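Everything on this sheet refers to the single structure shown next.
Shown next as structure tokens:
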């Protein structure tokens, strides 16, 4: 312990080395990143505002979808502004506090995404497999409790994970990524990180249990839907977007988790591309997939567009 403390340094800044192979194309990356971030803000805000303003959309499914979009904005806010600044800088530096704040926001967003998708699968299960009991089970109080779970659990568990990391002295400040995350910080730990690894395995276990619950829910839903043409239509309209979102989320987070905790022998650009997928694909595709597949949302958006056009024509 004494030797580790002697080797440790008082880290005030972290150096992000993820952009070392992109110096010649920074302007291109800046434009693409800015367009992506503006697109994320636009599509998610459109869906959030539509759901809030349309009283006909004040149902559990749409409320959870609104929460999913809010989480998309929250998570990307922890990455894109800093990344856009880094693309305009010669040296990519982030303060000690800034690094942990960014790691906390991104970590929370990832866990919240899974929790929200689990809650949404429960809502679809009750709606399709227990339709007569739907309004009895999915009361406004139940919806509030599920929303509270989907947000409070990620915020709390992320706080514990980062608190355990903060207590560990560090022997370096180099992060080979374009953003801060817990595994990258812990790679510089001067002390054993057994507790951190145990907590990480517990979080992964919770994710696996949530995934198993989703699989179980959809097995029941599919079994129920194949019995009638009406059930198949309902499954296609409300469940297919949710399934696509789940597959996308699991795929992109699995890539980042594997390369975060393991020394995968791939190029820096490939590692960056894998790491940033969950900050690009779900926030863009979630509102688009749901907006295109759910008739109520599609109609509400088109109604608002027509209303704005009429107002513009009058002016």
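In full-length UniProt numbering, the protein residues as written are 1 to 315.
Where a beta carbon is used, it is the ideal one built from N, C-alpha and C, also for glycine.
Treat the numbers as computed from the prediction; the structure is a model and nothing was measured.
Return the chain-ordered ranges of every alpha helix (DSSP H) run that is complete within the region 204–265 and spans a minimum of 4 residues.
The qualifying runs are 229–238 and 240–261.
Who are the Cβ neighbours of residue 134 in its own chain at under 7 Å, not counting the five residues just before and after it?
As a working note, residue 134 is residue 134 in the chain shown. When the five nearest sequence neighbours on each side are left out, the beta carbons in the same chain lying within less than 7 Å of the beta carbon of residue 134 are those of 126 and 127, in order along the chain.
Distance, Cα to Cα, residue 1 vs residue 182?
Here residue 1 refers to the residue found at position 1 of the chain shown. Here residue 182 refers to the residue found at position 182 of the chain shown. Since pLDDT at residue 1 reaches only 40, below the 50 mark, its modelled position is unreliable, and no value is offered.
Closest by CA to residue 248, which one among 92, 44, 282 and 147?
Looking up residue 248 in the chain shown gives position 248. Ranking 92, 44, 282 and 147 by Cα distance to residue 248 puts 282 first.
In the structure shown, what three-state DSSP assignment does residue 16 receive?
As a first step, residue 16 must be located in the chain shown, where it is residue number 16. Correct three-state label for residue 16: strand.
When the Cα of residue 115 is compared with those of 160, 137, 148 and 273, which residue comes out closest?
Reading the chain shown from its first residue, position 115 is the one you call residue 115. Ranking 160, 137, 148 and 273 by Cα distance to residue 115 puts 148 first.
Check the C-beta distance from residue 87 over to residue 30 and give it rounded, since I have them as a contact under 8 Å.
Locating residue 87 in the chain shown gives position 87, counting from the first residue. Locating residue 30 in the chain shown gives position 30, counting from the first residue. The pair is a contact, with the Cβ atoms about 4 Å apart (cut-off 8 Å).
Does the count of Cβ pairs from the region 69–84 and the region 162–174 closer than 8 Å reach three?
no
Can you give the Cα-Cα distance for residue 274 and residue 136, rounded to whole angstroms?
Sequence index remark: in the chain shown, residue 274 carries index 274 (1-based). Sequence index remark: in the chain shown, residue 136 carries index 136 (1-based). The straight-line gap from Cα to Cα measures roughly 43 Å.
Looking at C-beta atoms only, is the number of pairs between the region 64–78 and the region 104–118 that lie closer than 8 Å three or more?
yes
Which value, in whole angstroms, describes the spacing of the CA atoms of residue 143 and residue 228?
Position 143 of the chain shown, counted from the start, is the residue given in the question as residue 143. Position 228 of the chain shown, counted from the start, is the residue given in the question as residue 228. Rounded to whole angstroms, residue 143 to residue 228 spans 28 Å at the Cα level.
On the premise that residue 289 lies in contact with residue 244, defined as a C-beta separation below 8 Å, what is that separation, rounded to the nearest angstrom?
In the chain shown, counting from the first residue as 1, residue 244 sits at position 244. In the chain shown, counting from the first residue as 1, residue 289 sits at position 289. Confirmed, Cβ separation roughly 6 Å.
Going along the chain, which residues of its own chain have a beta-carbon closer than 6 Å to the beta-carbon of residue 50, five neighbours each way excluded?
What you label residue 50 is simply residue 50 of the chain shown in a count that begins at 1. The answer, listed in chain order, is 300 and 301.
What is the rounded straight-line gap between the Cα of residue 47 and the Cα of residue 91?
Taking the chain shown and counting its residues from 1, the one referred to as residue 47 is at position 47. Taking the chain shown and counting its residues from 1, the one referred to as residue 91 is at position 91. Cα to Cα, the separation comes out at about 37 Å.
Restricting to runs no shorter than 3 residues, where is the beta strand (DSSP E) found entirely within the region 78–155?
93–95
Quick one: measure Cβ to Cβ for residue 11 and residue 170, integer angstroms, because I've assumed they're closer than 8 Å.
Position 11 of the chain shown holds residue 11. Position 170 of the chain shown holds residue 170. Between residue 170 and residue 11 the Cβ distance is about 5 Å, and since that is below 8 Å, they are a contact.
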